[in-house]
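What follows is a short report on a single structure.
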Amino acid sequence: MKFLYIFLITSTFLLAEDFITKLEYAKMLYQNPRGIGCNKCHGDKAEGGLISKYKSYDKKNKKYIENELRAPRINNLEFGKFRSALKESRGIMPSYFLTDLEIQNLYEYVKTFNKDK
1 MKFLYIFLIT STFLLAEDFI TKLEYAKMLY QNPRGIGCNK CHGDKAEGGL
51 ISKYKSYDKK NKKYIENELR APRINNLEFG KFRSALKESR GIMPSYFLTD
101 LEIQNLYEYV KTFNKDK
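1 is the number of the first residue of the sequence shown in the UniProt record's numbering; add one for each residue after it.
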């Protein structure tokens, strides 16, 4: 009898649907893939956002200039550019070491924001 219960429980888990959907997983990746989420810089809807403001000194005019560091909009990129940005480390964009499947799921999730408009 004990064997039957173990068999039924194991079978239930093996035949059950995925724990979360592809889109739910991608949302989790977007919000916190490996310590810091895409949303922290690119915004909740991937439309880009302000990362920081800073001042630099203009030697020619001898005064300080206020500058902004902004993350670009990513919900309008084609897949190749999106994938490249995640795979090839450039500038201040951190490396996340995502799998190709995670990148594909993340891309599909980000594209859903364009449907809201």
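Ideal Cβ placement from N, Cα and C applies to all residues, glycine included.
Proximal residues to residue i (C-beta, below 7 Å), its chain only, five neighbours per side dropped
i	result
residue 72	48
residue 27	109
residue 39	30 and 31
residue 88	none
residue 25	105
Beta-carbon contacts of residue i that lie in its chain and below 8 Å, excluding the five residues immediately before and after
i	result
residue 53	66, 67, 68 and 69
residue 58	64 and 65
residue 41	49, 51 and 71
One or two residues paired with residue i in a DSSP bridge
i	result
residue 50	70
residue 64	57
Contact set for residue i: own chain, Cβ-Cβ below 6 Å, skip 5 residues either direction
i	result
residue 75	46, 110, 113 and 114
Whole-number beta carbon distance between residue j and residue i, since they are thought to touch under 8 Å
i	j	result
residue 83	residue 103	5 Å
**Asked** So does the segment 30-41 actually touch the segment 96-110, counting three or more Cβ pairs closer than 8 Å?
**Response** yes
**Message:** Going residue by residue through the segment 66-96, where are the continuous alpha helix (DSSP H) segments of at least 4 residues, counting only ones entirely within it?
**Reply:** You should have 79-87.
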